[in-house]
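Only one structure is covered here, and it is reproduced in the block below.
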Amino acid sequence: MAKIQAIRGMNDILPEQTPVWQFVEATVRQVLRQYGYQEIRMPIVEQTDLFKRSIGEVTDIVEKEMYTFEDRNGDSLTLRPEGTAGCVRAAEEHGLLFNQTRRLWYTGPMFRHERPQKGRYRQFHQIGVECFGMSGPDIDAELLILTARLWQALELSGHTRLEINSIGTSESRKTYRSALVDYLSQYKSDLDADSQRRLETNPLRILDSKDAGTRKILENAPSLDDYLDEESRSHFERLRELLDAAGIEYTVNPALVRGLDYYGKTVFEWITDSLGAQGTVCAGGRYDGLVEQLGGKPTFAVGFAMGIERLILLLETLDLIPEHVNSNADVYVTAMGDASVAPALALAEQLRNELPDYVVVTHCGGGSFKSQMKKADKSGARYAVILGENEVAGGTAGLKPLRSDEPQKEVPQAELAQALADVLSN
RNA sequence: GUGGACGUAGCUCAGCUGGUAGAGCUCAGGAUUGUGACUCCUGCGGUCGAGGGUUCGAACCCCUUCGUCCACCCCA
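Sequential numbering of the first sequence, starting at 66, is according to the working numbering.
This is the structure:
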């Protein structure tokens with residue numbers, strides 16, 4: 066019988082990996098807390114229409130990447146392919162957006178039926194940040210300053226670069242789009258095959274083409290910049306001033322277009338060159354029209370999402386996972402012989418009471434002294450506490466350093482916690 | 001959805017022109033009746049991804065299929 070295994074592109078996160086995830090999540094949480102962002106938790110499943118109406122009917126995500134299925138009562142439901150739509154739905158549904166400003170964040174799995182590759186999976190995890198009710202470029206700048214602080218906290222500054230652009234309001238973008246299509250249509254047969262297809266589906270994406278012939282044609286193409294409305298233009302200029310003032314480095318990439326329909330004005334991406342083809346580690350932008358589009362009052366909004374898998378992949382590639390993240394024991398308590406099992410369990414409890422910040426692992430499962438010592442070593446603990454018949458009889462414990470050549474000491478059990486506190490703290 | 005590479009022990013891999021499987025690491029035990037890391041010895045561990053075909057004989061050749069990885073598309 067065939068073995069049942071995980072769904073393609075949906076990965077188990079194993080015990081060796083979870084400490085890294087917790088480290089990244091905790092670091093992000095801490096930075097967001099500093100800026101006063103509030104966490105929101107949404108369901109993983111939403112009505113299919115929510116995504117169709119927000120992401121855009123003709124995007125790849127909606128057309129061919131969604132996990133959509135029928136509920137038992139016939140409703141069409143979809144596993145969320147991204148977080149913004151559900152966040153807007155939840156915030157709107159509970160009156161979080163009316164006449165107020167909000168700074169929200171969330172994390173969790175997202176689902177897209179794509180072919181997996183490095184840094185891209187069918188179930189992947191994002192940390193999303195969304196801000197509502199603020200119209201100016203100052204909040205755009207805050208988001209970028211916040212992410213820059215996060216890169217610093219993760220020691221990723223210098224391995225990520227920021228690209229920004231303004232794609233204008235949907236009206237100005239529409240005008241530009243038709244100008245671009247008009248221009249490119251003259252050369253349609255000279256465009257590469259992908260770009261010919263994009264002419265129908267997503268013409269702005271052609272700006273990004275790597276094909277030499279297409280690039281040549283693009284040289285004389287109309288520029289998005291010339292079609293920007295005045296408000297978008299000044300918004301973008303002000304954003305650049307704010308970033309300059311904050312010392313955030315960036316490049317303006319006129320070809321930077323986001324794939325989701327709801328974006329307008331500011332768009333940005335943090336990119337790394339260390340991950341191969343999937344180098345975008347964080348991306349977002351402004352989406353002032355979305356709340357209204359989903360049935361709410363017009364509400365200014367801007368946000369971004371980070372891919373946790375990509376962040377972790379990057380940290381691992383650059384060998385930036387701090388040492389302490391992977392250690393899963395500080396003290397390992399051995400128990401030699403049946404008679405010392407109960408005292409060992411009791412002694413470990415005593416240590417946990419007095420040293421709540423340290424990880425105390427008790428040896429279970431018996432075995433020779435030698436094998437217990439091996440396990441102590443393997444655990445990564447800095448100290449072994451040795452409890453055998455002699456120690457139990459004398460009310461002491463052996464305190465053995467495992468990471469240095471210092472000699473083992475016999476310590477009265479009552480003084481063991483203090484002795485460990487002294488040696489573990491330096 | 002398209003293309004390429006690859007599936008042999010828990011992990012990393014070797015296995016020549018077809019002759020029915022090996023190493024290192026890990027794990028368990030021992031050398032050392034209560035002391036890990038280094039060393040040495042012993043042991044556990046494989047329907048060679050699956051199914052079919054060719055052959056006296058297939059891990060190796062052929063077909064099919066499943067899976068993984070990387071890239072394209074697209075995206076975090």
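C-beta: ideal position from N, C-alpha, C; glycine also. Quick caveat: nothing in here was measured; it's all calculated off a predicted structure.
C-beta contact flag for residue i and residue j at 7 Å
i, j, result
"THR316", "GLU228", "yes"
"ALA458", "LEU481", "no"
"PHE189", "VAL390", "no"
"LEU245", "PRO181", "no"
"ALA218", "VAL110", "no"
"LEU304", "PRO146", "no"
"GLU104", "TRP170", "yes"
"GLY184", "LEU340", "yes"
"THR427", "VAL450", "no"
"THR240", "MET199", "no"
"ARG238", "ILE232", "yes"
"VAL396", "VAL356", "no"
"GLY324", "GLY349", "no"
"MET371", "ILE192", "yes"
"THR234", "SER299", "no"
"ARG262", "ARG270", "no"
"GLN311", "LEU272", "The question names Gln, yet the displayed sequence has Ala at residue 311. For ALA311 and LEU272, no; Cβs fall outside 7 Å."
"GLY160", "MET107", "no"
"SER405", "LEU464", "no"
"THR133", "THR143", "yes"
"TYR448", "PRO466", "yes"
"SER119", "TYR328", "no"
"LEU162", "ALA155", "no"
Residue environment, residue i, which counts as buried when at least 16 other CB atoms sit within 10 Å
i, result
"SER436", "exposed"
"MET66", "Legend: pLDDT at MET66 = 46, less than 50; position of this residue unreliable, value from coordinates given subsequently. Per the 10 Å Cβ criterion, exposed."
"SER490", "exposed"
"THR212", "buried"
"ARG168", "buried"
"ALA446", "buried"
"GLU306", "exposed"
"SER392", "exposed"
"VAL322", "buried"
"PRO477", "exposed"
"LEU79", "exposed"
"GLU195", "buried"
"SER141", "exposed"
"ASP309", "exposed"
"GLU374", "buried"
"LYS275", "exposed"
"ILE126", "buried"
"LYS474", "exposed"
"LYS439", "exposed"
"PHE197", "buried"
"CYS347", "buried"
"ASP353", "buried"
"ILE72", "exposed"
"ASN164", "exposed"
"ALA394", "buried"
"THR83", "exposed"
"PHE301", "buried"
"ASN230", "buried"
Residue i - containing alpha helix (DSSP H), residue span
i, result
"ASN455", "454 to 459"
"ASN418", "406 to 419"
"ILE210", "202 to 218"
"LEU443", "With the sequence shown as reference, residue 443 is identified as Lys, and Leu is not the correct amino acid for it. Unbroken alpha helix (DSSP H) run through LYS443: 434 to 443."
Range of the contiguous beta strand (DSSP E) that encloses residue i
i, result
"CYS347", "345 to 351"
"HIS190", "188 to 197"
"MET175", "167 to 176"
"TYR397", "396 to 398"
"GLN112", "110 to 112"
"ALA486", "No beta strand (DSSP E) contains ALA486, which is instead part of the alpha helix (DSSP H) from 478 to 489."
"SER231", "226 to 231"
"THR427", "425 to 427"
Any non-hydrogen atom of the ligand ZN within 6 Å of residue i CB
i, result
"ALA258", "This structure lacks the ligand ZN; in fact it carries no ligand of any kind."
**Prompt:** For the 8 Å Cβ check, are there 3 or more pairs between the segment 246 to 259 and the segment 360 to 372?
**Reply:** no
**Message:** Would the segment 408 to 416 count as touching the segment 380 to 391 if we require 3 or more Cβ pairs under 8 Å?
**Reply:** no
**Stretch-stretch touch, CB-based, cutoff 8 Å, three pairs: the segment 200 to 212 with the segment 323 to 340** = yes
**Message:** Does the structure place the segment 264 to 282 close enough to the segment 177 to 195 that three or more beta carbon pairs sit under 8 Å?
**Reply:** no
**Message:** Under 8 Å: do the segment 96 to 105 and the segment 114 to 133 share three or more Cβ pairs, one atom per stretch?
**Reply:** no
**Prompt:** Which runs of the beta strand (DSSP E), 3 residues or longer, sit entirely within the segment 116 to 152?
**Reply:** 132 to 135, 141 to 144
**Item:** Inside the segment 261 to 347 only - beta strand (DSSP E) runs reaching at least 3 residues
**Value:** 329 to 336
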